[in-house]
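Its first residue numbered 1, the sequence shown is counted upward by one per residue in UniProt numbering. Working notes, beginning with the structure itself.
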Amino acid sequence: MSAATRSSGGQEPPMAAGVALARMARQVRLGRWGVWVALACGPLALAVAALPSPAAPTAAAPAPSSSTVRTPAAADPSGYAELYLAAWLRSAASDESSAQARLAQAMAPSVALPQPAGAQSVLERAVAVRSAHREGGQWSVTVAAQYADFSVRYFAVPVVADASGGSFAVTGAPGQVAGPTTAKTPESVYGVVLPAKGVLAATVAEFLRTYLTGLGQVDRYLAPGVQLAALSGTSYTDLQVEQASAIEEAAAAETVPADGTKTRVRVQIKAQDKAGAWPLAYELTLTARAGRWEVSAFATASIAGGGGRS
Numbered sequence: 001m002s003a004a005t006r007s008s009g010g011q012e013p014p015m016a017a018g019v020a021l022a023r024m025a026r027q028v029r030l031g032r033w034g035v036w037v038a039l040a041c042g043p044l045a046l047a048v049a050a051l052p053s054p055a056a057p058t059a060a061a062p063a064p065s066s067s068t069v070r071t072p073a074a075a076d077p078s079g080y081a082e083l084y085l086a087a088w089l090r091s092a093a094s095d096e097s098s099a100q101a102r103l104a105q106a107m108a109p110s111v112a113l114p115q116p117a118g119a120q121s122v123l124e125r126a127v128a129v130r131s132a133h134r135e136g137g138q139w140s141v142t143v144a145a146q147y148a149d150f151s152v153r154y155f156a157v158p159v160v161a162d163a164s165g166g167s168f169a170v171t172g173a174p175g176q177v178a179g180p181t182t183a184k185t186p187e188s189v190y191g192v193v194l195p196a197k198g199v200l201a202a203t204v205a206e207f208l209r210t211y212l213t214g215l216g217q218v219d220r221y222l223a224p225g226v227q228l229a230a231l232s233g234t235s236y237t238d239l240q241v242e243q244a245s246a247i248e249e250a251a252a253a254e255t256v257p258a259d260g261t262k263t264r265v266r267v268q269i270k271a272q273d274k275a276g277a278w279p280l281a282y283e284l285t286l287t288a289r290a291g292r293w294e295v296s297a298f299a300t301a302s303i304a305g306g307g308g309r310s
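Shown next as structure tokens:
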């Protein structure tokens with residue numbers, strides 16, 4: 001035991017006791033602050049605890065079933081084949097510096113240019129008429145070349161497309177082929193001939209005359225809610241109905257049937273303007289309402305969402 005301790009009878013000196021008391025007071029204050037901080041941070045701590053841990057692994061999204069997998073459609077390179085064939089036919093090996101020759105060579109560097117001799121008919125346009133998709137992004141596009149002398153030749157252009165459909169390349173020289181044959185026309189479903197003086201034929205004729213000539217109010221022939229865009233760039237003065245036929249037997253009735261009855265009609269007309277007579281054909285759907293037929297579908301007609309006629 002030290003002399004200082006012995007002199008105080010085993011008690012700590014006054015200075016040491018003061019230091020101990022100050023330390024205890026500081027600990028008490030820190031403890032109070034800790035309690036207030038814990039109370040203030042309690043809601044925040046709960047909110048933080050509710051957040052997912054960044055280290056926690058996320059579950060992988062389930063793979064789509066085979067029934068929902070969508071394979072993107074292959075891009076059709078018909079337009080690319082049209083452009084190439086037009087440039088190829090308008091180019092010549094003797095003038096590789098021409099714009100058409102440079103374009104053809106840029107699209108197919110390995111394909112030789114033609115060598116025209118003498119006067120050639122001028123190419124008017126090239127139009128794709130058929131395309132066939134093969135494996136590995138390979139395509140064969142049949143392109144019709146129409147000339148100024150009204151002759152037409154057909155060429156098969158081999159084209160390859162990448163997986164995204166954003167890049168194409170001509171893989172070989174075009175080959176002249178036979179053009180597509182004319183398909184057999186199926187029998188028309190419009191088998192009910194409308195009486196020329198019947199109420200339905202009269203409605204169709206009046207509607208088309210008003211619509212094509214622009215004389216009169218076409219809305220009076222339309223069913224409620226139907227809107228029809230006006231024609232532009234036309235100057236028909238009159239028309240004549242050549243033939244009108246329908247699918248449903250109700251169209252040939254002498255009187256208008258019950259409200260809600262629908263019929264689909266195909267009408268062939270001859271429209272007259274200053275330049276001559278033009279054979280035109282239209283398909284319409286008419287609906288019976290209040291003792292008369294109204295046009296409920298026609299060409300670009302659209303059903304308006306409310307606000308239609310009543």
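Quick reminder that beta carbons are idealized off the backbone N, C-alpha and C, glycines included.
Taking Ala169 as the centre and dropping the five residues before and after it, the same chain places the C-beta of Val160 closer than 6 Å to its C-beta, in chain order.
DSSP places Arg102 outside any beta strand (DSSP E); the residue lies instead in the alpha helix (DSSP H), whose first and last residues are 99–107. Within the same chain, Cβ atoms closer than 8 Å to the Cβ of Tyr190 are found at Ser245, Ala246, Ile247, Arg264, Val265, Arg266, the five residues on either side in sequence being excluded. Its Cα nearest to that of Ala196, the residue Ile269 stands out among Ile269, Ala144, Asp273, Gln105.
For Arg266, the enclosing beta strand (DSSP E) stretches over residues 262–273.
Distances from the alpha-carbon of Gly260 to those of Glu242, Arg153, Ala288, Gln240 put Ala288 closest. For a cut-off of 8 Å, the C-beta gap from Tyr154 to Gly179 is around 4 Å, short enough to register as a contact. One alpha carbon belongs to Val226, the other to Leu194, and they sit about 24 Å apart. DSSP places Arg209 in the uninterrupted alpha helix (DSSP H) bounded by 199–213.
Annotated three-state conformation of Val218 is helix, per DSSP. By the Cβ-count criterion, Thr203 is buried, with 16 or more other Cβ atoms from all chains shown falling within 10 Å of its own Cβ.
About 5 Å separates the CB atoms of Ala156 and Thr142; that is less than 8 Å, so the two are in contact. Counted as a single uninterrupted DSSP element, the stretch harbouring Glu187 is not any alpha helix (DSSP H), since DSSP gives it neither H nor E. Looking at the DSSP output, Gln146 bridges to Arg125, Val152. Here the C-alpha atom of Ala128 lies approximately 29 Å from the C-alpha atom of Thr234.
In the structure shown, Ala86 adopts helical secondary structure according to DSSP, grouped into three states. Secondary structure of Glu135 (DSSP, three-state): helix. For Gly179, the three-state secondary structure derived from DSSP is coil. 8 Å or more divides the Cβ of Ser121 from the Cβ of Ala132. Secondary structure at Tyr282: strand, using DSSP grouped into helix, strand and coil.
In the three-state reduction of the DSSP assignment, Ser245 falls in the strand class, which pools E and B.
Per DSSP, the continuous beta strand (DSSP E) segment holding Glu294 begins and ends at 292–298.
Sixteen is the threshold: when 16 or more other Cβ atoms of the shown chains lie within 10 Å of the Cβ of Arg90, as they do, the residue is buried. The Cβ atoms of Ala145 and Leu113 do not sit closer than 8 Å to each other.
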